[in-house]
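In terms of numbering that gives the first Met the number 0, the sequence shown has 112 at position 113, counting the first letter as 1, and numbering is strictly consecutive. Even for Gly, the Cβ is constructed at its ideal location relative to N, Cα and C.
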Amino acid sequence: MSETRQNFEFVGKNTGEEIDSAKKYLQDLESFAMEKTNGELEKTEQDITMIRLADQLVANFLKEINIPYEHMDPEHIHVLNEGGLKKIIPNLHNSSGTYSVMSRRITVEKDASHSKGLFIQKLIHELVHQASKTKFAIDDDNENDNGKISPYRNGYVASNKSGEGVYFRNLNEAVTEKIAVQIYIRNKDRIKNVLNLQDNQIGVTYMSQIDFLDDLIGKMAELRHEPRIDTWKRMERAYFTGEMMHLRDIEKVLGKGGLRKYAEENLGADITP
């Protein structure tokens, strides 16, 4: 079995004993999550090739921008047939891939046609999720399904210490997919050659959220009198580092109370910047 995470970040003032206990809990959770799930498919040699390729492409991208990356072994990734996730997570809406921040578990579905191109795109998206800046909270006053530990930040998604409030989901998915599409396009020829694809057309998800994000980037660039690419690169890097000062620019673009509304209601294209 592959090794679990060694590096964790926690917010707030915690004792060394609390941190050690939380680390052990998260590592145990990750070890348990490597076990097979209900309805899981046996990974083929081709599946493993795609997983390793997607993992390397994400690692290469992060190396270019000097962001450390913890590689994901195939054991961390679980493959289901189309519709399999809905059976495991009944309240999941229109998703064919998930990443668990707590257990570092990735689950992806194969579509009915078993398209290699779509499958590796899903892998890249979920691997980008797991590479984003992650912090955990230990809250002695509130226990949840994971005891006293909860995700505090994962990319742009933010929660309170009790893990009850979850903010900026749509922004996070838009940034994740935008990065994933960049990685795929940049490596399109390599992917086509390695997987022997006849057609590696890109299937983009979260379109309304990405359209909103692109409008937002344009307005933020105007505000700063800078090229759009500079604004985007700052947002992209912040996803991996947790540097969120530019959220103030979003507030200026959306108007008073706009950032809070965007965060709480997880809005996308229904806000016009």
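In or out: residue i buried (at least 16 other Cβ within 10 Å) or exposed?
i: Gln197; result: exposed
i: Gly256; result: exposed
i: Leu253; result: buried
i: His239; result: Position check: residue 239 holds Phe in this sequence, whereas His was assumed. Buried.
i: Ile50; result: buried
i: Asn186; result: buried
i: Asp188; result: exposed
i: Met206; result: exposed
i: Gly96; result: buried
i: Phe135; result: buried
i: Glu16; result: exposed
Go to residue i, then tell me how far its beta strand (DSSP E) extends in each direction, as first and last residue.
i: Asn153; result: 148-153
i: Tyr98; result: 96-98
i: Asn37; result: Careful: Asn37 lies outside any beta strand (DSSP E) and carries neither H nor E.
i: Thr106; result: 105-109
i: Ser114; result: Per DSSP, Ser114 belongs to no beta strand (DSSP E) and is neither H nor E.
i: Ser158; result: 156-158
Per the DSSP calculation, residue i is bridged to which residue(s)?
i: Phe9; result: Phe135
i: Leu79; result: Glu108
I need the boundaries of the alpha helix (DSSP H) containing residue i, first residue and last residue.
i: Asn186; result: Careful: Asn186 lies outside any alpha helix (DSSP H) and carries neither H nor E.
i: Asn59; result: 44-63
i: Ile66; result: Per DSSP, Ile66 belongs to no alpha helix (DSSP H) and is neither H nor E.
i: Leu91; result: First-last for Leu91: undefined, no H or E at that position.
i: Gly256; result: Per DSSP, Gly256 belongs to no alpha helix (DSSP H) and is neither H nor E.
Problem - Contact between the region 166-178 and the region 256-263 (3+ Cβ pairs under 8 Å) - result: Yes: at least three Cβ pairs fall under 8 Å.
Problem - Start-end ranges of the beta strand (DSSP E) lying completely within the region 166-253, minimum 3 residues - result: Those beta strand (DSSP E) runs which fall completely within the region 166-253 and span 3+ residues do not exist here.
Exercise for the section: Report yes or no: do the region 222-230 and the region 86-98 share at least 3 C-beta pairs separated by less than 8 Å? Expected result: Touching, no, given that fewer than three Cβ pairs across the two stretches are closer than 8 Å.
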